[in-house]
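Here's the structure, in structure tokens; my notes come after.
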Amino acid sequence: MTGATELGGLLLAVEHLTMRFGGLTAVHDLSFNAYSREITAIIGPNGAGKTTVFNCLTGFYKPSAGRLMMHVDGEALLLERMDGFRIARQAGIARTFQNIRLFAGMTVLENLIVAQHNLLMSASLFSIAGLFGLPRYRSAERAAVERACHWLDKVGLIERADWTAGTLPYGAQRRLEIARALCTGPALLCLDEPAAGLNPRESAELNELLLTIRGEEKIGILLIEHDMSVVMGISDRIIVLDYGRKIADGTPAEVRADPNVIKAYLGEEELGKVPETTAADLHIRR
Amino acid sequence: MAAASGLAVENSARATLDWTARLKDAVLAALVATLLALPLVGVQTYDIGGGALGIRTHFDWVAIAAAVVFAGRLALHRRQRLHRGGESGGETVFTRLAAWGNRRALPITLTGIAFAVALPFLPFSSRYLIDLGTTVLIYVMLGWGLNVVVGLAGLLDLGYVAFYAVGAYTFALLARDLGLTFWQGLPFSGLVAASFGVILGFPVLRLRGDYLAIVTLGFGEIIRIVLLNWSPVTGGPNGISDIPRPSFFGLPFARAAPEGVRTFHQFFGVEFSPAQRVTYIYFVILTLALVTNLFTLRLRRLPIGRAWEALREDEVACRALGINPTNVKLSAFGIGAMLGGFAGCFFATRQGFISPESFTFIESATILAIVVLGGMGSQMGVVLAAILLVSLPEFGRAFAEFRMLIFGAAMVAIMVWRPRGLLAHREPSLRLRAGRSATP
Chain A
43 MTGATELGGL LLAVEHLTMR FGGLTAVHDL SFNAYSREIT AIIGPNGAGK TTVFNCLTGF
103 YKPSAGRLMM HVDGEALLLE RMDGFRIARQ AGIARTFQNI RLFAGMTVLE NLIVAQHNLL
163 MSASLFSIAG LFGLPRYRSA ERAAVERACH WLDKVGLIER ADWTAGTLPY GAQRRLEIAR
223 ALCTGPALLC LDEPAAGLNP RESAELNELL LTIRGEEKIG ILLIEHDMSV VMGISDRIIV
283 LDYGRKIADG TPAEVRADPN VIKAYLGEEE LGKVPETTAA DLHIRR
Chain B
35 MAAASGLAVE NSARATLDWT ARLKDAVLAA LVATLLALPL VGVQTYDIGG GALGIRTHFD
95 WVAIAAAVVF AGRLALHRRQ RLHRGGESGG ETVFTRLAAW GNRRALPITL TGIAFAVALP
155 FLPFSSRYLI DLGTTVLIYV MLGWGLNVVV GLAGLLDLGY VAFYAVGAYT FALLARDLGL
215 TFWQGLPFSG LVAASFGVIL GFPVLRLRGD YLAIVTLGFG EIIRIVLLNW SPVTGGPNGI
275 SDIPRPSFFG LPFARAAPEG VRTFHQFFGV EFSPAQRVTY IYFVILTLAL VTNLFTLRLR
335 RLPIGRAWEA LREDEVACRA LGINPTNVKL SAFGIGAMLG GFAGCFFATR QGFISPESFT
395 FIESATILAI VVLGGMGSQM GVVLAAILLV SLPEFGRAFA EFRMLIFGAA MVAIMVWRPR
455 GLLAHREPSL RLRAGRSATP
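Put into structure tokens, the structure is as follows:
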């Protein structure tokens, strides 16, 4: 990709991150950077510790060791010292989940309005202005609905804004979850396997969407993905994990040619039998 | 033609098969019922004199129980065959009623309010009826208050009566020791109850579902037992009496007023009648209940209300979106408790006497049943369920012994036919396009 020419600033610096669960070390001494206006992908076989990294970043786990530094507006925030909800609020990290976590009983539009809770809450003066319908709150709500519509339009769900979220088809739920994360106005968008369960056409649409977001919103995207067509097609930088350790870090072309990566994905004995360029792609078809 | 008749034969064959299976199942159910009924109702002990016990048998009752279960099981099968579609079931009286209610929500609400306002002046109205209406409205208000906690925020609270009690005792103590009137005491009752809600909220922040229910149950009992044993302040089991009645803008309802005070009937120049006070009290609770309703409906459309519902749907997702679950939960507990406290304050002034006996677990259970039966989160459902649960036992005083049996049977029946409550329907808090359906 052309990422190298339009590099943004450093957004996230992960330094020596280690996460242990009892005797199991899920992530071992992992360091990597993510930049704004770049798509950074984390790949690796099942159980490599990808989602654990996400959970550390978004405050669901407290890392056993290491430093997670997020650069927002010239300020450096240490994520490992923050509560989960503050990470989303102050550090501007929004995430989606591997198993979709929508507010299934609420409508599509409501899902996106809830995502703007903090903004609306202060506009409603902790409900007092809202209770009496003061203009200050009304205009804030209108703006929130407009922002929601903007993203609904982008993910192609504007026609279904008043549907109950749980009744949407699977692919649409995935897109809605991304739209909801974007409604929080993040600096870094973390997507946990966004293409899981999508058909090839939906997967291609997702690529388009992610590229649009990177281009227009000037935010960084951190991606966990199994679908190699997504990863190889749109990533600016790929980090490969195996058994909790980083085994490769570089552009898609570099990673694809890396013997360590091929070994991790295909096993040692098959090395050399498979053309290196397609090694990573092959993984998903096995 | 031949194919059609073949199909008919096949259908009838299947129907016969179905019938035998159903009969078998019904017989089995009746058998279980017989086994259960034999020791429970079939045998009765009685005093034969001299302290000895004799045994009387009631096999006719057992037979009746078995027959009822047999018939009921058959009827249930018929229903299930008709509505194999899914949990929501097909067309029943209630689904049709709910759909109709959604379409005509505004006229129905207005008619309901108009009826409630007119009730004391209707020709068939009586003091008893107005009293009953007042009781129903207290439960409606409590139901709407608990709805915030259970229906919206999804936090199962089995000790809601604690806040009701706190509100009632707050006012009773303020009136006894500081001489506050009802209208002066009302905000304090709400405030104190809300603080108790937040106090309860803190230790249970990490709990959900069953665990939360058990802790709230314990909290409800703690409050009651403290009230029962803290005699110097609460009067213990004797309670607090002579709680002042509400006045109409400073005009008391009494036959004869103390020096320098004009009573309601003197001021308006009408004949004194005890019914005036009863009617006034009825309107006070009607106003309180309607204000509660407006308040909660409004909150639902605000960020705080949406956060409650989001918390009910998925707490993890809430946190990932930057919503502080602690604040959301505490606000739900606090506001729910405040509404309960207001209701408690009204209860104290209406009764004129309160004791811990009024705040037992069965009250919590009744309020929760109203919310669950009405349909979680449904305001109209709460009204319907409150009318059913409070007034049916009143009308059923003739068979007082069977009240709890009928009550229980009605609960089971509703949960079988309407597992999500009488009027389970969620109205979106905002729509992009007015008038469009929320579901495809």
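So the sequences go chain by chain: A and B.
Residue numbering for the first sequence follows my numbering, beginning at 43 and increasing consecutively.
Residue numbering for the second sequence follows my numbering, beginning at 35 and increasing consecutively.
Idealized CB from N, CA, C, for every residue including glycine.
Do you know how far the Cα of residue j is from the Cα of residue i?
i       : j       : result
A99(B)  : D52(B)  : 25 Å
V260(B) : G88(B)  : 43 Å
I338(B) : T293(A) : 44 Å
F63(A)  : D59(B)  : 51 Å
G123(B) : I248(B) : Here G123(B) scores only 45 on pLDDT, less than 50, and its place in the model is too uncertain to base an answer on.
A322(A) : I266(A) : Bear in mind that the predicted position of A322(A) carries a pLDDT of just 49, short of 50, making it unreliable; the figure below should be weighed with that in mind. Their backbone Cα atoms lie some 15 Å apart in a straight line.
L72(B)  : F253(B) : 39 Å
P242(A) : C232(A) : 22 Å
L456(B) : A443(B) : 15 Å
R353(B) : A377(B) : 33 Å
A109(B) : L65(B)  : 17 Å
T93(A)  : G368(B) : 36 Å
A458(B) : R137(B) : 14 Å
L225(B) : V200(B) : 10 Å
A22(A)  : D269(A) : A question about residue 22(A) goes unanswered here, because the residues of chain A that appear run from 43 up to 328.
A146(A) : P453(B) : 19 Å
N97(A)  : L110(A) : 12 Å
L156(B) : G284(B) : 27 Å
M348(A) : R256(A) : With chain A covering 43 to 328 only, the question about residue 348(A) has no answer from this structure.
L466(B) : H192(A) : 12 Å
L120(A) : F380(B) : 51 Å
L52(A)  : E258(A) : 18 Å
A55(B)  : K104(A) : 58 Å
R460(B) : Q78(B)  : 49 Å
V5(B)   : R289(B) : Residue coverage of chain B in this structure runs from 35 to 474, which leaves residue 5(B) outside it and unanswerable.
G374(B) : I261(A) : 47 Å
G146(B) : M445(B) : 24 Å
T226(A) : V350(B) : 15 Å
Between the Cα of residue i and the Cα atoms of the options, which residue gives the shortest distance?
i       : options                               : result
S463(B) : S412(B), S425(B) and I448(B)          : S412(B)
S277(A) : P177(A), A171(A) and I84(A)           : I84(A)
Y314(B) : G270(B), S265(B) and L153(B)          : L153(B)
W451(B) : Y203(B), G193(B), E255(B) and G409(B) : G409(B)
V197(A) : Y179(A), F96(A) and L248(A)           : L248(A)
A371(B) : L212(B), V424(B), D244(B) and F222(B) : F222(B)
A295(A) : I280(A), L251(A) and I289(A)          : I280(A)
Y77(A)  : R128(A), R222(A) and V56(A)           : V56(A)
F93(B)  : L69(B), I277(B), A148(B) and F380(B)  : L69(B)
L208(B) : A399(B), A382(B) and F393(B)          : A382(B)
I357(B) : G101(A), A130(A), M112(A) and L54(A)  : A130(A)
R137(A) : K288(A), I263(A), R79(A) and E201(A)  : I263(A)
G273(B) : G85(B), V151(B), R335(B) and F387(B)  : F387(B)
Y212(A) : I200(A), N141(A), S271(A) and H113(A) : N141(A)
S475(B) : P237(B), I164(B), F104(B) and G76(B)  : Only positions 35 to 474 of chain B appear in this structure, which leaves residue 475(B) out of reach.
L497(B) : A107(A), A133(A) and E152(A)          : Nothing about residue 497(B) can be reported from this structure: the residues present for chain B run from 35 to 474 only.
V312(B) : P237(B), L422(B) and S159(B)          : S159(B)
List the whole-angstrom C-beta distance separating residue i from residue j, where the pair is believed to meet the contact cut-off of C-beta under 8 Å.
i       : j       : result
A344(B) : M148(A) : 7 Å
P271(B) : S389(B) : 6 Å
A203(A) : V150(A) : 5 Å
L190(B) : V184(B) : 6 Å
V416(B) : W178(B) : 6 Å
L333(B) : G235(B) : Not really, about 17 Å apart at Cβ, beyond 8 Å.
G188(B) : R346(B) : 3 Å
G134(A) : F102(A) : Actually they are not in contact, since the Cβ atoms of G134(A) and F102(A) sit about 17 Å apart, beyond 8 Å.
D348(B) : R143(A) : 5 Å
Discussion item. For the structure I just gave you, are there three or more beta carbon pairs, one from the stretch 148-161 of chain A and one from the stretch 170-188 of chain A, closer than 8 Å?
Written reply: The stretch 148-161 of chain A is in contact with the stretch 170-188 of chain A.
Worksheet item: On the three-pair Cβ rule with 8 Å, is the stretch 216-236 of chain B touching the stretch 163-171 of chain B?
Response: no
Worksheet entry | Cβ pair count under 8 Å reaching 3, the stretch 234-243 of chain A against the stretch 161-177 of chain A | no
Discussion item. I'd like to know if the stretch 286-305 of chain A and the stretch 70-90 of chain A are in contact, where contact means that at least 3 CB-CB pairs between them fall below 8 Å.
Written reply: yes
Discussion item. To test your reading of the DSSP string, which unbroken alpha helix (DSSP H) runs of 4 or more residues are found completely within the stretch 370-416 of chain B?
Written reply: 395-408
Worksheet item: Contact between the stretch 200-210 of chain A and the stretch 165-181 of chain A: three or more CB pairs below 8 Å?
Response: no
Item to complete: Report the residue ranges of all alpha helix (DSSP H) runs contained in full by the stretch 274-337 of chain B; include only those spanning at least 4 residues, in chain order.
Response: Correct list: 298-302 and 308-334.
Discussion item. For a minimum of 3 consecutive residues, which ranges assigned as the beta strand (DSSP E) are wholly contained in the stretch 208-278 of chain A?
Written reply: 230-234 and 262-266
Worksheet item: If you scan the stretch 111-150 of chain A from start to end, which runs of the alpha helix (DSSP H) of 4 or more residues do you find wholly inside it?
Response: none
Practice prompt. For the stretch 51-82 of chain A, list the beta strand (DSSP E) runs that are entirely contained and at least 3 residues long, ordered along the chain.
Written response: 52-63 and 66-77, all fully within the stretch 51-82 of chain A.
Fill in: At least 3 beta-carbon pairs within less than 8 Å: the stretch 392-409 of chain B vs the stretch 298-307 of chain B
no
Item to complete: For the stretch 154-224 of chain B, list the alpha helix (DSSP H) runs that are entirely contained and at least 4 residues long, ordered along the chain.
Response: 161-181 and 195-207
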